[in-house]
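Colleague:
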Amino acid sequence: MKPEEYLADVEIHWCPGCGNFQIREALVRALAALDLPPHRVVLVTGIGQAAKIVHYLRVNGFNGLHGRTIAAAAGLKMVRPDLVVIAESGDGDLYGEGGNHLIHNIRRNLDITVIAHDNRVYG
Numbered sequence: 031m032k033p034e035e036y037l038a039d040v041e042i043h044w045c046p047g048c049g050n051f052q053i054r055e056a057l058v059r060a061l062a063a064l065d066l067p068p069h070r071v072v073l074v075t076g077i078g079q080a081a082k083i084v085h086y087l088r089v090n091g092f093n094g095l096h097g098r099t100i101a102a103a104a105g106l107k108m109v110r111p112d113l114v115v116i117a118e119s120g121d122g123d124l125y126g127e128g129g130n131h132l133i134h135n136i137r138r139n140l141d142i143t144v145i146a147h148d149n150r151v152y153g
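In terms of my numbering, the sequence shown opens at residue 31 and continues consecutively.
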C-alpha cells in the first residue's frame, strides 16, 4: 500500500509546527511498509489534540474518554484479536489519567501499539 492511501481528505486543525504532524507521517509510513489494509487497522484515542489524529486517517477509529484510551484498546483487542489496534494518546491522557491502564496492560501483554504524543506541556 502507498502512504497516501491512509490519509483522509480533510482539513487538519493542528497548529503549524506541531509534533503531531510528524507522528501522523511516521504512522502512515509504518502502516504502508507493513502493507496493512486500512479496514484492518483501528486507531483508539482519548481527548485533546492528539485524539484528532483519528479524523485525519482513513482507518477505523474510536474516540474514548479521558485517560481510558488503553482500556478501550484492550477491550477491542480482546474481542477482535484479528485487528491491528493502535492506541494514541496525549501525555496528560496517557501518563496522568491513564497511567494505571498503561501499567496493567503492559502486564497483560496484549498486542497493542501505544503511541504517546508528548508535547512537554502537561501539568
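By construction, the Cβ of each residue, glycine as well, lies at the ideal position given by its N, Cα and C atoms. Keep in mind the model is a prediction, meaning the values are calculated, not measured.
Report the residue ranges of all alpha helix (DSSP H) runs contained in full by the segment 48-115; include only those spanning at least 4 residues, in chain order.
Modeller: Listed in chain order, they are 50-63, 99-109.
Colleague: Which stretch, first to last residue, makes up the beta strand (DSSP E) that contains H147?
Modeller: It spans 142-147 - the beta strand (DSSP E) in which H147 sits, taken as one unbroken run.
Colleague: Less than 8 angstroms separating the beta-carbons of P33 and V58?
Modeller: In contact: P33 and V58 (Cβ atoms closer than 8 angstroms).
Colleague: In the DSSP output, what is L37 paired with across the bridge?
Modeller: Per DSSP, L87.
Colleague: Assign G47 to one of two classes, buried (16 or more other C-beta atoms within 10 Å of its C-beta) or exposed (fewer than that).
Modeller: With fewer than 16 other Cβ atoms within 10 Å, it is exposed.
Colleague: For N139, does the count of other Cβ atoms within 10 angstroms reach 16, so buried, or fall short, so exposed?
Modeller: N139 comes out exposed.
Colleague: Between the alpha carbons of V84 and T75, how many angstroms are there, rounded?
Modeller: Cα to Cα, V84 sits roughly 7 angstroms from T75.
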